[in-house]
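Residue numbers (the numbering used here): -14 to 110.
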């Protein structure tokens, strides 16, 4: 006996995990990116805060934990972009009939961007 009654169970979907990535990407993008832009775009160049010297910044960026954190920042931000752009095209431009193509394009772009970010962070630096 298989243990299943005559009813079929709920349909399994990857959608909750995609929404989880969207949410995490939104939080990371909202908190980390503005802080980094403030530091490296305003505070250090304008002299509000003493900038780190090259050796210190190089030591921080080449550390494995920092690279993993930067990779997480890139990957989650790209997933957030892909999900938001997908539903902008589907709902905003009424392109629901192209849902599968749009999903493949947006999430494929996020995947390619994530692989490129990983390559740059772990092999090009």
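Backbone N, C-alpha and C define an ideal beta-carbon position, used for all residues, glycine too.
Whether residue i touches residue j by CB criterion (7 Å)
i, j, result
"residue 103", "residue 65", "no"
"residue 106", "residue 55", "yes"
"residue 53", "residue 17", "no"
Cut-off 6 Å between Cβ atoms - residues of its own chain near residue i, not counting five sequence neighbours on either side
i, result
"residue 91", "67, 70 and 71"
"residue 98", "63"
"residue 29", "36"
Contacting residues, own chain, Cβ-Cβ under 8 Å from residue i (five flanking each side not counted)
i, result
"residue 80", "74 and 87"
"residue 6", "61, 64, 65 and 68"
"residue 33", "27"
Same chain, Cβ closer than 7 Å to residue i, five either side skipped, listed in chain order
i, result
"residue 14", "62 and 65"
"residue 95", "63, 64, 66 and 67"
"residue 45", "51"
"residue -1", "none"
CB-CB length for residue i against residue j, believed under 8 Å
i, j, result
"residue 47", "residue 3", "That belief does not hold up - the Cβ atoms of residue 47 and residue 3 are roughly 32 Å apart, past 8 Å."
Below-7 Å beta-carbon distance, residue i vs any chain E residue
i, result
"residue 98", "No chain E is part of this structure, which consists of one protein chain only."
Self-check item: Continuous alpha helix (DSSP H) assignments of at least 4 residues falling wholly in the region 15 to 98
Solution: Qualifying alpha helix (DSSP H) stretches, in chain order: 39 to 46 and 49 to 72.
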